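Engineer:
Protein chains: 2
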Amino acid sequence: MPERITPRLPRGMRDILPDKMILRDYVMNTIRTVFEQFGFEPLHTPAVELAETLMGKYGPDAERLIYDVRQRQGHEELALRYDLSVPLSRVVAMNPDLLLPFKRYQIAPVWRAERPQKGRYREFYQCDADIVGSASMLADAEIITVIYTVLERLGFRRYTTRINNRKVLAGIGIYSGVEGEALGQLYRSIDKLDRIGMDGVRKELRDAGIAEDVIARMVDLLQIRGASADLIPEMMRRLEGIPIAAEGLAELRDLISYLDAMGVSPSAYQIDFSMVRGLDYYTGPIYETVVEEPKIGSITGGGRYDRLIEMFSERGYPATGTTIGIERIIDVMDELGMFPSSLRRTLVEVLVLQFDPSLLAETLRFAHSLREQGLRVELYFEAESVKKQLRYASRKGIPFAAILGPDEAAQGQVTIKNLDLGEQRTVLQSEAAQVIREWGA
Amino acid sequence: MPERITPRLPRGMRDILPDKMILRDYVMNTIRTVFEQFGFEPLHTPAVELAETLMGKYGPDAERLIYDVRQRQGHEELALRYDLSVPLSRVVAMNPDLLLPFKRYQIAPVWRAERPQKGRYREFYQCDADIVGSASMLADAEIITVIYTVLERLGFRRYTTRINNRKVLAGIGIYSGVEGEALGQLYRSIDKLDRIGMDGVRKELRDAGIAEDVIARMVDLLQIRGASADLIPEMMRRLEGIPIAAEGLAELRDLISYLDAMGVSPSAYQIDFSMVRGLDYYTGPIYETVVEEPKIGSITGGGRYDRLIEMFSERGYPATGTTIGIERIIDVMDELGMFPSSLRRTLVEVLVLQFDPSLLAETLRFAHSLREQGLRVELYFEAESVKKQLRYASRKGIPFAAILGPDEAAQGQVTIKNLDLGEQRTVLQSEAAQVIREWGA
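First to last, the protein sequences are chains A and B.
Going by my numbering, the first sequence runs without a break in its numbering and finishes at 441.
Going by my numbering, the second sequence runs without a break in its numbering and finishes at 1441.
Laid out in structure tokens, this is it:
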């Protein structure tokens, strides 16, 4: 045997023990159910990709966070996936016979070597839903509806999905006199609006050498506020004569017009011409959801990326989608007690006690019958005192205990203890599963 | 934009498209349900471990297959996990306050840079259930019962869980006159019995310098065959006076005695004194399941490993568990059509067609109401011919299509097409979800 080592985790990585996994699985199952109700289907891609698949897609700052992977024999340059969008693009390009539209979801970990801090991990899960092969604004509206449905089902009430369009942003650039490379700087500065305020944005643009009158014109446009339905005609008027802006605004108008019939409350979204989204590859509508209460910031990001798949394929594919970042959602729901009270610290519904060694076989048969009826049953393995066995059930948070003593056994009965209520009932073994189900409700 | 690259996967890795993911999720959900019914709870550990956590646990041949992971900034030596047992041991050692027994399951990928071949992948899933903190043979019997329940629910009928005990193997070694280092060679040779036959084993042992009379005595013992209940007293008689053998045989006797009351058919398991299991760390009962028809070989492996956690902790923990290897199970079930016929190529239950542009809002509202009632609904995004939309539904394997034309709309109705039967019914929109549910059954 090798020397004993002190057990440790890599920095920024964590284990998730069962009591927290139960909460986590609840959130992931809720999201999975919504994805599937909207016709998205599961896709698996490997955690390990060829490095060349990932490089050149996220920008240099992001690339520094990618983990390299090496095998001891073999020459491939490998890396851990950084997100789920680039692998999806690779899959689409490698499967030209895919029936379109291809609506897939993937709920899976990604890895980024970011500086660890509270609530930020180097391995974290993303929940992605994407639609490849449709240019319709119905597809974008559906993505926003998916986000809405997920957040409503999880119990969030005060949040806003901000909606913008990269074509409108390009139009604002043209209107202001900023194009090409400088447009990127413009985006990056506007993106910081939440953090540095409008004065901060002005200063950044001034430092980047953009002329004062250009800044003034632009800031004026970005500060348009109002109901989503009013904002679009107002911006159309201001950006009249700029085709790309007209196109983007028409897309936004169509998109918004679908949301009501899809069941999305108007209070859940807001056109926001100052919202940019960091990544380079967006080409049309973009969306980002900010939860205002509790204040957890941005928890979804996405948009239309009609050019990304072209990096892997001669054929172009329109595509749109979103990522839902569940780590913050789970942390906040846990802190604020937003989980249903039916979720306990354990999944186990009944602890079957060992009472009398001579009744062990009958006890095992009884546990077996409860499982056959679908209950989650733990058998206590050691022949210890009833008190000790019940204390274990309490410490673990198991709601029921079943005790099969000689008196009960003689009559085909069993005693069921409800540990929440501190009550017990002696019932027929054949009725025990039903009693446990109904007494718990 | 960087240059376009040809999209490729790393060697031995694969994508899994939705039609196959549906089958895969069915198998994983079946296993998860069984694990939970037996009181196992979910644990997550990171894919990336410190290299020192993995090294020295699996033997040198296995270690060569471990993938190294490097971050661009930072000094940690990292690696992708090779199995789920060593991470579990680390978790137990790092959480001394864990309530025992700790029964956890984990269904997750592991990575091994093995030579790719048909049905063998470099990223594959393991389904592990382990019980830490109980030395009772009830725990081992429960693990065997879990395997039995999983295979029965998946529809396997001809398989055998072979059961042996490392203590009996040590006793056979003592009886034959082999101890210490040579015992390892003995195990490795016996482990090949299935592949090289008894004559092959004899030859290997002879080549390893083990004396002819020792080999003869041992081979004689290994060839004992018969009903599990008869084998144990027979072996007890032959190995009389060797305490470790007596201990191991008593464990096997207890273990077997529990299986019947736990609902395991006697035809599903077999004591096999020649079964070894490769890994070094087993200390007591060991088990391995071989599916005989279809002939897919070993699909589960496990046993008691009372010393593994000591590699991370001064405190000792008895532990036992199994891995169920699902990749071969899934491949074989797919090849032989063992999946329930209710599983289709798609999860989508209804395609809602676009028929009349003026009815789009009503169509969206209808799709929304079907989803609210729990159906999995795809909306066709483009306003194309009904024929083309129906062809899409057929190609995708969607069982129902819903068409909302002006006549139907005027009466609050909708036409539902059953694409399997080639029939259609016009029903009230409010009844459509129920019609689809029942017509499909």
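In this text, a Cβ means the ideal position worked out from N, Cα and C, and glycines have one as well.
All of these numbers come straight from a predicted model, not from anything done at the bench.
Give a yes or no on whether the minimum CB-CB distance between R1070(B) and chain A is below 7 Å.
Structural biologist: With 7 Å as the cut-off, R1070(B) counts as an interface residue toward chain A.
Engineer: Closer than 7 Å, CB to CB, is P18(A) near chain B or not?
Structural biologist: Yes, P18(A) lies at the interface with chain B (some Cβ there is under 7 Å from its Cβ).
Engineer: Based on DSSP bridge pairs, tell me the residues matched to L1428(B).
Structural biologist: DSSP output for L1428(B) lists Q1413(B) as bridge partner(s).
Engineer: For N165(A), count the other beta carbons within 10 Å of its own beta carbon; 16 or more makes it buried, fewer makes it exposed. Which is it?
Structural biologist: So N165(A) counts as buried.
Engineer: Counting pairs of beta carbons, one from the segment 401-421 of chain A and one from the segment 346-366 of chain A, are three or more of them closer than 8 Å?
Structural biologist: Because the criterion of three Cβ pairs below 8 Å is met, the segment 401-421 of chain A and the segment 346-366 of chain A touch.
Engineer: From this set, R206(A), A113(A), F35(A), K103(A), which residue's C-alpha is nearest Y82(A)'s C-alpha?
Structural biologist: Measuring from the Cα of Y82(A), the nearest candidate turns out to be A113(A).
Engineer: DSSP three-state call for A211(A): helix, strand or coil?
Structural biologist: In this structure, A211(A) counts as coil in the three-state DSSP scheme.
Engineer: What are the partner residues of T323(A), as DSSP defines its beta bridges?
Structural biologist: Per DSSP, D128(A), G301(A).
Engineer: Please confirm whether A1216(B) has its beta-carbon closer than 7 Å to some beta-carbon of chain A.
Structural biologist: No, because no Cβ of chain A sits closer than 7 Å to the Cβ of A1216(B).
Engineer: Going by DSSP, what residues sit across from Y287(A) in a beta bridge?
Structural biologist: According to DSSP, which records beta bridges pairwise, Y287(A) is partnered with I163(A), G302(A).
Engineer: Using the beta-carbon of each residue, which ones in chain B are nearer than 9 Å to Y258(A)?
Structural biologist: By Cβ distance, chain B contributes L1360, A1361, L1364.
Engineer: Are G1241(B) and V1214(B) touching if we call contact CB-CB under 7 Å?
Structural biologist: The answer is no: Cβ separation not under 7 Å.
Engineer: Pick from A93(A), V69(A), D25(A), Y26(A): whose alpha carbon is nearest that of E310(A)?
Structural biologist: The shortest C-alpha separation from E310(A) is found at A93(A).
Engineer: Would you tell me roughly how many angstroms separate the C-alpha atoms of E142(A) and A1393(B), rounded to the nearest one?
Structural biologist: Taking the straight line joining both Cα atoms gives about 19 Å.
Engineer: Answer yes if the segment 13-30 of chain A comes into contact with the segment 1363-1372 of chain B, meaning at least three C-beta pairs across the two stretches below 8 Å, and no otherwise.
Structural biologist: Flag = no, the segment 1363-1372 of chain B and the segment 13-30 of chain A do not touch.
Engineer: Given a cut-off of 7 Å, decide if G1263(B) and D1130(B) are closer than it, judged by their beta-carbon atoms.
Structural biologist: Cβ distance not < 7 Å, so D1130(B) and G1263(B) don't count as in contact.
Engineer: By the three-class DSSP mapping on this structure, what secondary structure does N1029(B) have?
Structural biologist: Residue state, collapsed to three classes: helix.
Engineer: Short of 7 Å in beta carbon distance, which residues of its chain neighbour F1040(B), apart from the five on each side in sequence? Order them along the chain.
Structural biologist: These residues qualify, in order along the chain: K1103, R1104, Y1105, A1129.
Engineer: So, at 6 Å on beta carbons, what are the nonlocal neighbours of E204(A) in its own chain, with the 5 sequence-adjacent residues on each side left out?
Structural biologist: Closer than 6 Å at the Cβ level, and outside the excluded window around E204(A), lie S189.
Engineer: Using a cut-off of 8 Å between C-beta atoms, extract the partners of I5(A) located in chain B.
Structural biologist: Those are E1052, T1053, M1311, F1312, listed as they occur along chain B.
Engineer: Check whether the segment 198-212 of chain A and the segment 322-333 of chain A are in contact - that is, three or more C-beta pairs closer than 8 Å.
Structural biologist: Segments in contact, no.
Engineer: Go ahead and pull the three-state DSSP assignment for P42(A).
Structural biologist: Correct three-state label for P42(A): strand.
Engineer: List, in order along the chain, the chain B residues whose C-beta lies closer than 9 Å to that of E234(A)?
Structural biologist: Under the 9 Å cutoff, chain B gives no residues; its nearest Cβ is about 24 Å from E234(A).
Engineer: For my contact list, E378(A) and V348(A) are in at a C-beta cut-off of 8 Å; report their separation, rounded to the angstrom.
Structural biologist: Between V348(A) and E378(A) the Cβ distance is about 5 Å, and since that is below 8 Å, they are a contact.
Engineer: Helix, strand or coil for D68(A), going by three-state DSSP, please let me know.
Structural biologist: Here D68(A) sits in strand by DSSP.
Engineer: Suppose the cutoff is 8 Å on Cβ atoms and the five residues either side in sequence are ignored; what does the same chain contact list for Y1175(B) look like?
Structural biologist: Contacts found: R1217, M1218, L1221, R1238, L1239, I1242, A1245.
Engineer: As a quick exercise: from T283(A), A139(A), I232(A), R425(A), pick the residue whose alpha carbon is nearest that of Q270(A).
Structural biologist: It is I232(A).
Engineer: Does the CB of F381(A) have a neighbour CB from chain B at under 7 Å?
Structural biologist: Yes, because at least one Cβ of chain B sits closer than 7 Å to the Cβ of F381(A).
Engineer: Strictly by DSSP, which residues pair up with Y105(A)?
Structural biologist: Paired residue(s): P42(A), A129(A).
Engineer: Based on the DSSP output, what are the partners of N461(A) in its beta bridges?
Structural biologist: Nothing can be reported for residue 461(A): it is not among the residues displayed for chain A, which extend from 1 to 441.
Engineer: So what does A79(A) bridge to, in DSSP terms?
Structural biologist: Paired residues: E49(A), D68(A).
Engineer: I need the DSSP call for I1224(B), collapsed to helix, strand or coil.
Structural biologist: Note: I1224(B) maps to coil in three-state DSSP.
Engineer: Please state if the CB of E1423(B) and the CB of T1415(B) are separated by a distance shorter than 7 Å.
Structural biologist: Contact: no.
Engineer: Bridge partners for Q117(A) per DSSP, in chain order?
Structural biologist: Answer by DSSP bridge pairing, in chain order: R120(A).
Engineer: Mark T1145(B) as exposed unless 16 or more other C-beta atoms lie within 10 angstroms of its C-beta, in which case mark it buried.
Structural biologist: Classification for T1145(B): buried.
Engineer: According to DSSP, is L353(A) helix, strand or coil?
Structural biologist: The answer is coil: DSSP assigns L353(A) none of H, G, I, E or B.
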